[in-house]
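According to my numbering, the residues represented by the sequence shown are 43 to 514, in order.
Heads up: the structure comes next, in structure tokens.
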Amino acid sequence: MDRARVAPRPLPFHLLEEITDGFSEERKLGAGAYGSVYKGQHKNGEIIAIKKLHSMPKLNNQQFQKEYLNLATLQHQNIVRLVGYCHETRGEYIEFNGRTIFAENQHMALCFEYMCNGSLDNCLQDESSGHDWKTRYKIIKGICKGLKYLHEELNPPIYHLDLKPANILLDEQMNPKIADFGLSKFFGDERTRVSASAIGTIGYLPPEYINCSLVSNKLDVFSLGVIIIKTMTGHLGYSQSAEMPSEEFIDLVQEKWKNRIQGPSVDDIDSCAELVKTCIKIALNCVDADRHKRPNIGDIIRELDETEIMTQFSQAVTIDPGSTSLDEQDESGFLEVHPHQLRFLFFELNKAICPLLLSNSTEDNVAFRILSENHMEELSELSGVVPPRSTQTYWLVMKKQPPANTSEFSVTLESCIAHEDIADGDDQFLPEVLELTQGNKVHKVTLMAVTSERTRSGVTKVETLIFSLHLP
């Protein structure tokens, strides 16, 4: 069963009291403006986080129901999931002005999935210690995905208005989940307005709110920028970024992480360093004093995705001088292939791309095509001619995801000598080449291919990229 689609269940207040030991201090995980959070454990072992809401005069039944419905509809892997709720009114004897009176007492609580690694605030440390770059980037990208869901995938959108490390919770795999939406932060159709009530946390609020109480989606973007900087540089990094020119700060952060990142090759380190640079540049744009200059969250996701794709491309097309290609061991081979294993990266609309480097060290034109018998519907056929003594790079395009149970499959590279001046053609390209070249021998190589995690990039068109590198 898909847990994300399970509706929050009603939980009686006496049960919440029981599983939190009467909301004891030992069970307390934290406190916020609207209530305190406790760790509760059912008899079956299930652990949940219970936010016991403070009694607020302006919080009536209709408002609570509205907020519950807003929370209950949030279904995203980077948003903390609401699993239950409590809204009870009980008649109780209470002490009031030295007298014992009978009064109605409201008990309200929201119950969420429990995040075993606590908040991002608890694990933020100086960049010289703590989590590695891969984990920190995973956290940054996940927060961005969650915020994109709130801003651009909901109608009307939701502005969080209190993003900070304490409100980013981490599960057992260190996946980040945005939490603590409060009870007055769900906006209607308005995109910008003046807030009459205090919101947010000092240090994460932009100038337009501090000076004019102006609220928009760019408030969340500003907060995101502060979070990214602190995630990459520690708690003191944000103040440091304000004390030096942007380019100098970018170079400083990139160099520090480049010295820390460990990888099997220099190219792996350089690729990670490029992601570091992209992230810190995005963060500095997010905290621009002019809200109109801050990027939208969709633009941020697109820039991250594009950087990931280009670093993957860079890794794939970089040939290790000491490596042996697939065809160097076969005298009948016409093309050298890199990488040995094709890795498809998915983006929007379930399409995927993979860079492929083909080297021709002969004195002849070499015609080729790539196809997959098992995945003819998913993989677009690619064909072309590699000129003599040159290397060309192509993008293989997968039109849709293969079946869910398929993570690895094979493709076939067919090639032959083409003495004629032949241009790229369609699916019948190679047979036509063979006919024109009197049936020259066709060499076949099987390449293994794997699919990577699908991203949601803004890439809408993929074209074949060709770079001619003339060999000495």
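Ideal Cβ placement from N, Cα and C applies to all residues, glycine included.
Practice problem: Pick out whichever of Cys-158, Glu-130 and Tyr-156 has its Cα sitting closest to the Cα of Asn-147. | Solution: Looking up residue 147 in the sequence shown gives position 105. Taking only the C-alpha atoms, the option nearest Asn-147 is Glu-130.
Quiz item: Taking just the CA atoms, how far does Lys-300 sit from Asp-312?
Solution: In the sequence shown, the residue the question calls residue 312 occupies position 270. In the sequence shown, the residue the question calls residue 300 occupies position 258. Answer to the nearest angstrom: the Cα atoms are 8 Å apart.
Quiz prompt | Complete runs of the beta strand (DSSP E) confined to the segment 184 to 230 [at least 3 residues] | solution = 210 to 212 and 218 to 220
Quiz item: In whole angstroms, what separates the C-alpha of Lys-70 from that of Leu-256?
Solution: Within the sequence shown, numbered from 1, the residue matching residue 70 stands at position 28. Within the sequence shown, numbered from 1, the residue matching residue 256 stands at position 214. Their Cα atoms are separated by approximately 34 Å.
Practice problem: Could you have a look at Glu-348 and say whether DSSP puts it in helix, strand or coil? | Solution: If you number the sequence shown from 1, residue 348 lands on position 306. Glu-348 falls in the helix class under three-state DSSP.
Quiz item: Expressed to the nearest angstrom, what Euclidean distance is found between the alpha-carbon atoms of Lys-272 and Lys-93?
Solution: Counting from one through the sequence shown, the residue named residue 272 turns up at place 230. Counting from one through the sequence shown, the residue named residue 93 turns up at place 51. Their Cα atoms are separated by approximately 27 Å.
Quiz item: Does the beta-carbon distance from Val-318 to Gln-304 come in below 8 Å?
Solution: Position 276 of the sequence shown, counted from the start, is the residue given in the question as residue 318. Position 262 of the sequence shown, counted from the start, is the residue given in the question as residue 304. Contact flag unset, no.
Exercise. Using 10 angstroms around the beta-carbon of Thr-62, count the other beta-carbons present and answer buried if the total reaches 16, otherwise exposed.
Key: Counting from one through the sequence shown, the residue named residue 62 turns up at place 20. The residue is buried, with at least 16 neighbouring Cβ atoms inside 10 Å.
Quiz prompt | Check whether Ala-151 and Tyr-179 have beta carbons under 8 Å apart | solution = Position 109 of the sequence shown, counting from 1, holds the residue named residue 151. Position 137 of the sequence shown, counting from 1, holds the residue named residue 179. It is not a contact, given that the beta carbons lie outside the stated cut-off.
Quiz item: Helix, strand or coil for Gly-267 per DSSP?
Solution: As a first step, residue 267 must be located in the sequence shown, where it is residue number 225. Of the three classes helix, strand and coil, the one that applies to Gly-267 here is helix, per DSSP.
Quiz item: Taking the C-alpha atoms as reference points, what is the distance between Ile-395 and Val-487?
Solution: Residue 395 sits at position 353 when you count from the first residue of the sequence shown. Residue 487 sits at position 445 when you count from the first residue of the sequence shown. Roughly 20 Å between the two C-alpha positions.
Quiz item: Is the segment 332 to 347 touching the segment 279 to 286, taking contact as three or more C-beta pairs under 8 Å?
Solution: no
Quiz item: Do the segment 201 to 218 and the segment 158 to 165 make contact, defined as three or more Cβ pairs closer than 8 Å?
Solution: yes
Quiz item: Between which two residues does the beta strand (DSSP E) containing Gln-524 stretch?
Solution: The shown model of the chain, from 43 to 514, leaves out residue 524, and the question about it has no answer.
Practice problem: Going by CA-CA distance only, name the one from Gly-188, Thr-115, Tyr-191 and Pro-54 that's closest to Arg-132. | Solution: Counted from its first residue, the sequence shown places residue 132 at position 90. For the residues Gly-188, Thr-115, Tyr-191 and Pro-54, the minimum Cα distance to Arg-132 belongs to Pro-54.
Quiz item: Between the Cα of Ser-414 and the Cα atoms of Asp-262, Val-427, Leu-438 and Asp-341, which residue gives the shortest distance?
Solution: Locating residue 414 in the sequence shown gives position 372, counting from the first residue. If we check each option's Cα against that of Ser-414, Leu-438 comes out closest.
Quiz item: Ends of the beta strand (DSSP E) at Leu-424?
Solution: Position 382 of the sequence shown, counting from 1, holds the residue named residue 424. Where Leu-424 is concerned, the enclosing beta strand (DSSP E) stretches over 424 to 428.
Exercise. Kindly list the residues whose CB is nearer than 8 Å to the CB of Gln-383, restricted to its own chain and excluding five residues on each side of it in sequence; keep chain order.
Key: In the sequence shown, the residue the question calls residue 383 occupies position 341. Cβ within range, chain order: Leu-489, Met-490, Ala-491 and Val-492.
Self-check item: Min CB distance Tyr-127 to chain C below 8 Å
Solution: The structure shown has no chain C; it contains just one protein chain.
Quiz item: Among Arg-141, Glu-420 and Leu-424, which one has its Cα closest to the Cα of Ile-412?
Solution: Here the question's residue 412 lines up with position 370 in the sequence shown. Selected option, being the one with the closest Cα: Leu-424.
Quiz item: Taking the alpha helix (DSSP H) that Ser-288 falls in, what are its first and last residues?
Solution: Against the sequence shown, residue 288 aligns to sequence position 246. Note, Ser-288: alpha helix (DSSP H), 288 to 302.
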